[in-house]
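Before any comments, here is the structure.
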Amino acid sequence: MILLASGRCDIVAFYSKWLLRRIEEGFVDVRNPYDPHRLSRIYLNEQSIDVLAFCTKNPLPILPHIKQIPFPMLFHVTLTPYHKKIEHLPSKKEILKAIQFLAKQIGKEHVVVRYDPIFLSDIYTLEYHKKAFQRLCEQLDGYVSTIIISFVDIYKNTKENIAKMNLQTMRPSDMLAIGKSFGELAKKHHLHVQTCAEEIDLSMYGITQGACFERKQLEVIAGHSLSHISDKGVRSVCDCLATVDIGDYNCCAHDCLYCYANYDRKAIFQRMKCHDPNSTVLIGRIEDGDRIHERKEAGVKQISLL
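Okay, structure coming up:
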């Protein structure tokens, strides 16, 4: 199993204490987003989990506890050059230091930096992105191997927020210009750039079409074959391995204007108040009427014992 924490919210930034408690107790209960009273109980042990994958914009809270985590890890850390009106984050310099620390602690192959989503506006111009990406490459040289990029997608539930950003239309020619510049800059600093879930081909600039959670990379991290895990990307152009997400929606205080996972801004802080670090579920507690189903999903270690 590839356990994901999380594509729905930033567990590392806001709920690290809860996650560590769940690992200690050996299981987590996850509500079905479409049927909240139906929960999956997922067992957190070395027999079931092949890799624990983190998606975060702020890894700082979990850094002191890295050695407590008994599973092979992959960190995806998003680091974009947007101001606090777009995304409410701590100092980007501190996040960069955290990336460098992680790479030293667990190895550069376990840390991927994401520069996404890329969008254009009167502030965030092509030239702005080129300068920002140049600085990023200079600071990541020697610490990581891969940067993932993608271009902004407009979702139904983000249209209202997106309108506040005064976005310019991202034309294919703009994407090509960004690809050319990013490819050249990355090469100078021994970095590989790839897209994820993008149709545009930037291979002429050394940028590959890849997946966020690639089988080959995850097998290296896990130390064994992941043939028991299917390729089930979340979108038609996505080649990622299937993951099991233990997060929840509308409970992330980064409040990024482009985020698809926070579709009810009024509910975010109210839901965050319901978080209990000792609960088995991320938001709230087990309630009357909840139905818990044990998820039967074996890792390769468990399969080898059967």
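Under my numbering, the first residue of the sequence shown carries the number 218, and numbering increases by one thereafter.
All C-beta atoms, glycine included, are put in the ideal place defined by N, C-alpha and C.
A direct Cα-Cα distance of roughly 21 angstroms separates Ile240 from Val328. Cβ contact annotation for Pro307 (same chain, cutoff 8 angstroms, sequence separation greater than five): Asn275, Leu277, in chain order. Of the residues assessed, Ala270 falls on the buried side of the cut-off, its CB having 16 or more other CB atoms within 10 angstroms. DSSP places Gln285 outside any beta strand (DSSP E), giving it a letter other than H or E. Secondary structure of Asn275 (DSSP, three-state): coil. Listed in chain order, the beta strand (DSSP E) runs fully inside the segment 385–434 are 409–413, 425–427, counting runs of at least 3 residues. Among the bridge pairs identified by DSSP, Thr295 is matched with Arg331. Annotation for Phe318: the continuous alpha helix (DSSP H) segment containing it runs 309–323. A direct Cα-to-Cα measurement between Ser223 and Leu402 gives close to 30 angstroms. DSSP, read as helix, strand or coil, puts Leu236 in helix. In the DSSP annotation of this structure, the continuous segment of the beta strand (DSSP E) that includes Glu511 starts and ends at 508–511. Apart from the 5 residues on each side of it in sequence, His254 sits with its Cβ closer than 7 angstroms to the Cβ of Gly506, Asp507, Arg508 in its chain, given in chain order. The beta carbons of Val369 and Tyr475 sit about 6 angstroms from each other, so the pair counts as a contact at 8 angstroms. Here DSSP, grouped into helix, strand and coil, assigns Ile303 to coil.
Excluding its 5 nearest sequence neighbours in each direction, Ser447 has C-beta neighbours in its own chain below 8 angstroms: Leu458, Ala459, listed in chain order.
Exposure of Pro281 is indicated by the presence of fewer than 16 other C-beta atoms within 10 angstroms of its C-beta.
Judged by their CB atoms, Val268 and Ile463 are not nearer to each other than the 7 angstroms cut-off. According to DSSP, residue pairing for Thr363 in a beta bridge involves His409. As DSSP reads the structure, Leu269 sits in a beta bridge with Leu220, Met290. Rounded to the nearest whole angstrom, the CA to CA distance from Gln426 to Arg248 is 33 angstroms. For Glu304 against Cys429, the beta-carbon gap comes to about 19 angstroms, at or over 8 angstroms, which does not count as contact. Just measuring C-alpha positions, the residue of Leu435, Lys373, Gln285 sitting nearest Ala478 is Lys373. Runs of the beta strand (DSSP E) spanning 3 or more residues and lying entirely within the segment 452–493 do not occur at all. In the structure shown, Tyr341 adopts coil according to DSSP, grouped into three states. In this chain, the alpha helix (DSSP H) harbouring Phe231 covers 228–231. Within the model, the alpha-carbon separation for Phe486 versus Phe231 is close to 12 angstroms.
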